[in-house]
Amino acid sequence: MSDESSHEADLCSTHSAADLSPPPAGPPPQRRRDKKQLSCEFCRKRKLKCDRTQPCSACTSRSLSCFFPSARAPRLISRPAPRPQASQKPSLSVLEGKVKSLEQMMISTLATIRHERPDLDASSPVSSSGIPLRPHLAEAGTMRRGNQGTEYFGGIHWVAIMDGISELKGHFENLNEIQSPETYSYEVPDESRQRPLLLYSGTQPPPKERLISELPERNIVDRMVFYYFSEISMMPLMALHPPTFLREYEQFWANPCHVSIHWIGLLYSILSISTVFSRKSEAPTGDTMSDSGYTTQYSEYARQMVHCLKAGDYVRGGPYILETLINYTVLELMMTSPSPSVHSGMYATTGLMTQIAFRMGYHRDPCHFPQISCFEGEMRRRIWATIHILDTSMSVLSGSPRVIAEGSWDTKPPRNLHDGDLDPSCTTLPESRPDSELTPVSCPLARYKLSLTVGWLIDANVFQGLILPSEKRHAEARLAETWNAIPDRFKFESLSNCLSESPAGVGQRIGLTTLYNKMYIMLHISHLLKSPGSAVDGDPPAEEDVEYQLHSRRKCIQAALQNVELFIIMETESRPGGALTVLRNKMSLLAVHEALVATAVLSTFLYHFGTWPATTGETDGIDMTHIEATLRNCRDTWVRWSEWSSDARRAVELLALVFQKLDGSMETVPMSEFSLALDGMGLNFGWDTVYL
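For the sequence shown, position 314 (counting from the first letter as 1) is numbered 314 according to UniProt numbering, and the numbering increases by one without interruption.
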């Protein structure tokens with residue numbers, strides 16, 4: 001057929017179709033002719049230049065559907081936009097069908113996941129109607145794995161919403177791919193990269209090759225790595241799996257340049273802690289600051305660790321970043337120099353570490369994300385538990401709210417397992433061993449249980465305020481329930497009850513018992529200086545409230561008294577020739593802080609004792625003679641420590657004022673002078689508040 005005849009045939013078919021179809025709802029008759037619309041609806045309304053493809057580039061760049069009113073649609077090109085079929089806009093029935101199809105896909109996916117991962121429903125709470133109370137997968141958010149490790153998006157983030165639509169799932173994973181820090185040139189950050197100067201100021205990180213060359217010889221590194229894992233029992237750490245790390249350690253020495261800058265930073269953090277421990281063991285008792293300079297406090301290895309963190313762009317997360325930051329936080333905790341500047345700096349760095357953990361999705365339990373292996377999921381639970389412990393500890397230390405708020409996470413507690421129970425190749429997690437069985441993570445798990453209750457108590461005091469006796473009784477019952485769940489091997493009663501324990505085991509007992517007593521101080525400090533029977537809001541208290549005030553004050557005093565006694569035992573027995581000599585100079589910043597708090601509580605109570613009726617001295621079950629003798633004994637310890645600690649000198653001044661009043665050498669101590677000595681200790685609390 002010739003071109004002319006073909007053209008005529010097309011015209012004939014067009015006219016025939018037009019004759020058979022109903023007349024369209026055209027424009028008014030007064031218009032001369034219809035102009036054929038060649039642009040899509042969006043470009044026509046926005047007066048944009050349309051390239052007349054289906055879909056057009058303007059709609060594609062805006063992720064919009066492209067509609068052409070013309071009967072003859074433009075040619076199709078390969079673009080990720082839907083093509084309208086029967087009508088310009090999808091009908092309601094079509095949308096309902098898509099939603100039902102998506103719902104069936106989700107149900108099928110959940111059934112498959114539960115079949116492959118039985119741990120999903122192992123401990124899921126169930127309502128009375130039988131509906132699981134575990135958050136829906138869509139509510140759990142989205143977890144992405146890239147060059148920088150895992151990245152988490154909350155349920156209302158646009159990435160998580162897009163992942164709820166199967167056609168768009170994974171569409172944005174290849175867009176704006178995060179550049180690996182291994183490709184960075186380690187140049188000094190500029191303003192264009194919008195990096196906080198507070199976090200990125202300082203010297204330029206050296207190249208990766210130089211950071212590796214700064215490591216000592218392998219025999220020295222071997223000794224320090226051994227020292228780290230042998231001393232790890234003194235710290236609430238369970239962020240590393242020793243067998244896995246040692247395999248990576250051998251691979252590093254086989255090919256040093258093959259490992260990431262993040263792993264090198266982790267190795268430097270291990271060397272830093274080992275250096276601090278070894279120097280403390282060699283230093284005279286109580287003299288951890290005998291040398292001056294940055295090298296003595298954090299060691300040269302700590303500087304290299306910070307270089308690795310900066311070079312790896314640590315604020316964006318990644319493998320080994322949280323493990324390194326945990327070691328960094330513990331390193332600072334071991335520097336016994338409690339001062340407000342140290343508190344604020346550590347609170348900031350711990351908050352940064354916690355925010356990075358949130359960013360990487362550690363606050364959501366791995367059971368929500370099937371792409372995370374069983375081994376990795378359990379290690380994520382351990383890392384989250386360690387971060388929770390440190391976040392709560394920094395909150396207590398600085399007197400500031402926690403970063404991890406109650407209800408903002410659902411990560412399950414780690415299981416009580418031996419190192420040999422876990423392996424990266426395991427497909428299912430073994431059952432948790434009973435609490436009575438001692439494992440390398442038993443003590444950190446016990447500390448984590450206490451940390452959960454401490455965090456709840458901090459939040460309750462900060463955001464609600466436990467004022468009524470009924471509220472405090474409920475809190476007291478929760479404290480008792482938590483303490484009863486702790487194995488007896490981690491509770492300290494006396495040295496005679498743990499003669500067969502290792503020094504590290506005794507230190508663990510003292511540390512957990514001190515934390516338990518601190519919770520009672522936090523709960524009952526508001527009644528320390530209240531006279532029993534004093535009016536509340538102008539109204540006389542009920543008899544039940546008066547009895548509880550006496551009970552509350554007695555509990556606070558008993559807890560503070562026991563903490564001071566524990567501090568004296570720890571300090572005395574860690575001297576040369578004592579039962580805990582190997583622990584000398586290894587008391588952390590938290591241990592010293594709790595001793596200062598307990599000293600301040602007892603000193604304040606003794607100072608105000610003369611203002612109360614004499615009948616309250618012995619009938620309330622408080623032995624004032626015992627308290628005074630304990631403080632005089634504790635004063636000798638603070639005098640020894642005052643040679644290098646300014647806070648110890650403040651404690652000595654505070655006790656001197658109290659003893660002057662008790663001895664009658666002065667009729668009264670000006671309250672301003674007493675408050676000056678108390679406030680100078682940097683304990684970050686006020687006596688008129690319920691939060692300590």
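We put the beta carbon where it would ideally sit given N, CA and C, even for glycine.
- Look at residue 204 here: in three-state DSSP terms it is coil, with no helix or strand label.
- Per DSSP, reduced to three states, the secondary structure at residue 304 is helical.
- Uninterrupted alpha helix (DSSP H) stretches at least 4 residues long and entirely within the region 442-502 occur at 442-459 and 469-484, given in chain order.
- The closest CA to that of residue 402, considering only 386, 351, 433 and 367, is found on 351.
- For residue 641, the enclosing alpha helix (DSSP H) starts and ends at 624-641.
- In the structure shown, the three-state DSSP call for residue 508 is helix.
- Between residue 386 and residue 237, the C-beta spacing is below 8 Å.
- Distance from the CA of residue 552 to the CA of residue 334, rounded to the nearest whole angstrom, comes to 33 Å.
- With a beta-carbon spacing of about 5 Å, residue 365 and residue 410 fall inside the 8 Å limit used to define contacts.
- In this structure, DSSP gives residue 660 a helical state, which the three-state scheme calls helix.
- For residue 654 against residue 598, the beta-carbon gap comes to about 12 Å, at or over 8 Å, which does not count as contact.
- Beyond the five residues adjoining it in sequence on each side, residue 227 comes within less than 7 Å, by CB distance, of 274, 277 and 278 in the same chain, given in chain order.
- The three-state reading of DSSP puts residue 549 in helix, counting H, G and I together.
- Between residue 486 and residue 449, the C-beta spacing is below 8 Å.
- Here residue 362 is not near residue 382, since their CB atoms are 8 Å or more apart.
- Distance check between residue 358 and each of 327, 331, 330 and 315 places 315 closest, using alpha-carbon atoms only.
- Check the Cα spacing between residue 519 and each of 454, 354, 580 and 571: the tightest is with 454.
- Sequence-distant partners of residue 271 (beyond 5 residues in either direction) whose C-beta falls short of 6 Å from its own C-beta, in its chain, are 224 and 301.
- A contact between stretches requires three or more CB pairs, one per stretch, nearer than 8 Å, and the region 493-508 fails this requirement with the region 370-379.
- Residue pairing from DSSP leaves residue 37 without any beta-bridge partner.
- Sixteen is the threshold: when 16 or more other Cβ atoms of the shown chains lie within 10 Å of the Cβ of residue 318, as they do, the residue is buried.
- When DSSP states are grouped into helix, strand and coil, residue 255 belongs to the coil group.
- At the C-beta level, residue 261 and residue 311 come within 8 Å of one another.
- Exclusion of the five residues before and after residue 459 leaves 401, 402, 405 and 406 as the residues of its chain whose Cβ lies within less than 8 Å of its Cβ.
- DSSP places residue 313 outside both helix and strand once states are collapsed to three, so it counts as coil.
- When the Cα atoms are used, residue 473 and residue 564 turn out to be separated by approximately 25 Å.
- The residues 58, in chain order, have a CB closer than 6 Å to that of residue 48 in the same chain once the five nearest residues on each side in sequence are set aside.
- Measuring C-alpha to C-alpha distances from residue 235 to each of 444, 649 and 367 identifies 444 as the nearest.
- Going by beta carbons, residue 652 and residue 638 fall inside the 8 Å limit.
- With contact defined as three or more Cβ pairs closer than 8 Å, the region 202-218 and the region 238-248 are not in contact.
- Across the structure, residue 560 and residue 469 are spaced so that their CA atoms are roughly 21 Å apart.
- Proximity to residue 307 across 562, 345, 330 and 267 peaks at 267, based on C-alpha coordinates.
- 330 is the residue among 330, 263, 389 and 578 whose C-alpha sits nearest the C-alpha of residue 588.
- For residue 506, same chain residues with a beta-carbon under 7 Å away, outside a window of 5 residues either side, are 498 and 580 in chain order.
- Annotated as proximal: residue 211 and residue 304, with beta-carbon spacing under 8 Å.
- Burial check for residue 484: the Cβ neighbour count within 10 Å stays below 16, so the residue is exposed.
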